[in-house]
Amino acid sequence: MCDFLAVGAGFSGAVIARSLANAGHTVSVVDSRLHIAGNCHTERDPQSGVMVHRYGPHIFHTDNEQVWDYLNQFTTFMPYTNRVKTTSGGKVYSLPINLLTINQFFGKAMSPAEAQSFIEEQADLSIEDPQTFEEQALRFVGKDLYEAFFKGYTQKQWGCSPTQLPASILKRLPVRFNYDDNYFFHKYQGMPRDGYTAIVERILDHPNISVRLGTQFSRAQVKDYDHVFYSGPIDGYFDYDLGRLGYRTLDFREIRTEGDFQGCAVMNYGDESVPYTRIAEHKHFSPWEQHDKTICFEEHSRACEEGEIPYYPIRLTEEQAMLRDYVDKARREAGVSFVGRLGTYRYLDMDVTIAEALEASERFLTLREQRETIPSFFVEPI
Ligand SMILES: Cc1cc2nc3c(=O)[nH]c(=O)nc-3n(C[C@H](O)[C@H](O)[C@H](O)COP(=O)(O)OP(=O)(O)OC[C@H]3O[C@@H](n4cnc5c(N)ncnc54)[C@H](O)[C@@H]3O)c2cc1C
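In the UniProt record's numbering, the protein residues as written are 1 to 382.
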């Protein structure tokens with residue numbers, strides 16, 4: 001029996017801890033926060049009774065059968081389809097841009113084929129090799145849709161002009177020529193009936209696992225364990241000695257009222273004149289529940305400063321260079337593997353996080369048995 005440490009009680013740390021515990025090892029899990037589940041933490045708001053997603057809305061969606069089956073051991077998923085609306089120029093539209101959006105926006109009643117030719121006419125085909133987000137959007141959908149649905153939102157989300165962001169952010173044509181407004185294409189989609197924190201609580205509920213909250217890990221502790229799985233920020237592990245990797249953070253401004261505030265879970269705001277990117281009304285994430293009161297949060301995005309919560313990694317040229325240097329340092333460390341969204345400085349959906357954590361623990365157990373070197377990364381972070 002070995003003694004392992006998982007730093008972070010989010011999905012990464014919890015899933016790894018459970019796999020190692022199932023294999024007969026003892027695992028300590030520490031988190032500097034006072035709750036488990038990391039950024040997926042949910043809790044009941046005492047005033048309204050609504051299940052609130054503390055660090056922003058989380059909707060589970062996946063094509064990964066293994067992850068779906070894994071989570072279904074720990075929760076009951078309720079049917080949920082993510083349908084997003086957006087307010088632009090004082091009008092409300094359906095997202096992602098679909099036939100209803102196009103017809104409403106241009107005041108027409110086009111068929112799918114007519115809309116497709118119409119959008120092709122709008123697209124700026126003089127841009128042959130789009131380099132920036134703006135060029136990519138103009139080439140796909142043209143100026144009017146770009147300005148109404150992408151320009152202001154992207155500027156607010158990333159704090160820079162879409163002309164400074166790479167084209168790769170907008171990979172596919174962001175338009176559907178039918179009335180399908182389901183945000184995700186995945187086979188499975190749902191909301192855990194008792195929230196995400198209850199899932200993580202059940203994952204961690206194993207006699208071989210002990211959890212310590214409000215406990216900050218530091219690099220000097222690595223030597224106390226047979227191996228450490230670190231899901232904290234990679235730059236934080238090295239006390240930011242090469243500088244800070246850039247993140248966007250979020251400020252949530254609370255709105256409380258009676259009844260229904262906006263009639264849907266998520267309303268985006270595309271106009272630059274509105275300071276927030278979206279408002280989430282959390283009771284609509286649990287449509288099977290009834291609540292008289294409601295609680296919503298405006299989401300304001302800005303650069304993450306020291307001591308604040310890192311949400312979205314920026315990963316532009318400057319950050320990529322710094323990341324490479326941190327990854328080189330990390331590869332020279334013994335006794336620790338860097339995992340999860342912060343450990344590898346990537347945006348990861350929950351299903352990918354869980355899939356990677358299952359894969360990492362499986363590979364770790366095999367390598368250990370074969371007495372082979374344990375890598376610093378189980379996935380390539382660059
Ligand atoms: C705004 C937002 C919305 C999202 N919405 C969705 C969604 O709708 N669907 C979806 O699938 N995914 C969504 N995600 C992604 C989801 O949040 C991540 O997949 C998930 O949180 C990753 O889990 P993790 O365990 O790797 O990291 P985290 O959840 O961040 O957990 C890391 C934990 O480590 C702890 N920690 C860090 N450093 C230390 C230290 N030195 N000592 C002790 N503890 C430490 C932190 O306190 C934290 O609790 C969203 C992300 C964001 C930012």
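Using N, Cα and C, we set each Cβ at its ideal position, and we do this for glycine too. Only a predicted model underlies this, so the values are computations on that prediction, with no experimental measurement involved.
Item, Value
"Euclidean distance between Cα positions of R83 and D224", "48 Å"
"Beta-bridge pairing of I279 - partner residues as DSSP gives them", "M267, E298"
"Cβ-heavy atom distance, S361 to ligand 1, below 8 Å", "no"
"Top-ranked residue by Cα proximity to V274, from D251, G89, L34", "G89"
"Backbone CA spacing between H186 and D351 [nearest angstrom]", "11 Å"
"Which of helix, strand or coil DSSP assigns to G89", "coil"
"Segment contact, 8 Å Cβ cut-off, at least three pairs: the region 153-165 with the region 34-41", "no"
"Same chain only: Cβ atoms within 8 Å of Q122, ignoring 5 sequence neighbours per side", "V141, G142, K143, D144, L145"
"As assigned by DSSP and simplified to three states, the class of Q370", "coil"
"Counted within 10 angstroms of its Cβ, other Cβ atoms place Y240 as buried (16 or more) or exposed", "exposed"
"Residue nearest to A105 in terms of C-alpha spacing, selected from P112, S111, S94, V30", "Sequence check: residue 105 is Phe here, not Ala. For F105, the nearest C-alpha among the options comes from S94."
"Bridge-paired residues (DSSP) for I209", "V27"
"Distance cut-off 8 Å: V352 Cβ against heavy atoms of ligand 1", "yes"
"Outcome for residue 383 when other beta-carbon atoms lying within 10 angstroms are tallied against a minimum of 16", "The chain is shown only over 1 to 382; residue 383 falls outside these bounds and no answer can be derived."
"For I255, the first and last residue of its enclosing alpha helix (DSSP H)", "Not the alpha helix (DSSP H): I255 falls in the beta strand (DSSP E), residues 247-258."
"Distance cut-off 8 Å: A9 Cβ against heavy atoms of ligand 1", "yes"
"Check whether V29 and L204 have beta carbons under 9 Å apart", "yes"
"Among S210, L242, R244, E318, nearest to D3 - alpha-carbon criterion", "S210"
"Same chain, Cβ closer than 8 Å to P233, five either side skipped, listed in chain order", "L245, P310, L342, G343, Y345"
"Cβ pair G10, G340 closer than 9 Å", "yes"
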